[in-house]
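Here the sequence shown is numbered in numbering that gives the first Met the number 0, starting from 0 and rising by one per residue.
We put the beta carbon where it would ideally sit given N, CA and C, even for glycine.
Bear in mind the structure is a predicted one, so any value in this text is a computation, not a measurement.
Working notes, structure below.
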Amino acid sequence: MPKIVDPVARRRAVAQAVLSVAARHGLEHASLRNVADEAGLAIGSVRHYFADHDELMAFTMRELSRRIGDRIRTHAERLLAPDGGIDRRAGTEELLAEFLPLDEARRQESALWLAFTAAAHTRPELRPCAAEMQADLHTLMMRVLHEARRVGGLPGSMDIELEGTRLAALLDGLNLQATLLPDRYPPKLLRQVLRRHLDALRTGN
């Protein structure tokens with residue numbers, strides 16, 4: 000009896016092979032041949048699920064985005080629940096900390112995401128996903144800050160649009176620097192900078 004293959008699971012497994020190759024050797028080495036070898040598949044099997052290399056790269060970038068987004072949404076659902084009964088200040092910090100390379104898993108994710116977004120500069124098939132991720136980050140910042148202001152955690156006169164942009168830029172900058180220079184930007188320092196910024200927001204500074 001022929002083995003039944005779940006096409007969604009197989010596409011995700013191939014995407015994981017792309018991420019594994021890219022994490023070890025760089026995104027430029029994630030050729031169809033190298034990815035097929037990593038996944039333990041014939042190159043024809045990879046082509047069965049992806050029309051070409053561009054489609055594979057775009058799918059993999061979206062898969063990486065989905066993984067990061069699922070983890071962040073778990074925090075967001077608790078934080079933004081109407082009667083969550085949680086420490087909102089601590090919950091906000093934990094949510095935002097998911098954007099920072101505070102452990103090995105997140106360091107690898109950050110490095111891969113930076114590689115894909117850099118590639119999007121010259122690869123049009125990757126730009127929509129990069130733009131969507133930035134738009135989702137901006138929307139999440141707005142929701143978090145609006146909710147904090149609603150419950151009295153932020154000054155009522157705060158310009159939420161401006162502060163959301165500033166917060167997103169801070170996270171982007173910390174992520175980039177800590178990924179490139181982990182010894183200079185260890186997790187403890189990243190936490191301190193994030194906390195200092197959140198404390199400043201509470202006082203309107």
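Beta-carbon proximity list for G203, same chain, < 7 angstroms, skipping 5 on both sides: P154, M157
Can you grab the Cα-Cα spacing for the pair R72 / L40, in whole Å? 33 angstroms
When the distance is taken between beta carbons, is A177 closer than 7 angstroms to L169? no
Excluding the five sequence neighbours on either side, which residues of its own chain have a C-beta within less than 8 angstroms of the C-beta of H145, listed in chain order? I159
Roughly how many angstroms separate the alpha carbons of T121 and F115, rounded to a whole number? 10 angstroms
Taking all protein chains shown into account, decide if E27 is buried (16 or more other Cβ within 10 angstroms of its Cβ) or exposed. exposed
Quick one: which unbroken alpha helix (DSSP H) runs of 4-plus residues sit fully inside the segment 80-162? Chain order, please. 87-96, 103-118, 126-149
Assuming L200 is part of the alpha helix (DSSP H), what are its boundary residues? 186-201
From A29 to A57, what distance separates their C-alpha atoms? 13 angstroms
Taking the alpha carbon of E97 as the point to measure from, which residue in A119, A21, A118, R66 has its own alpha carbon closest? R66
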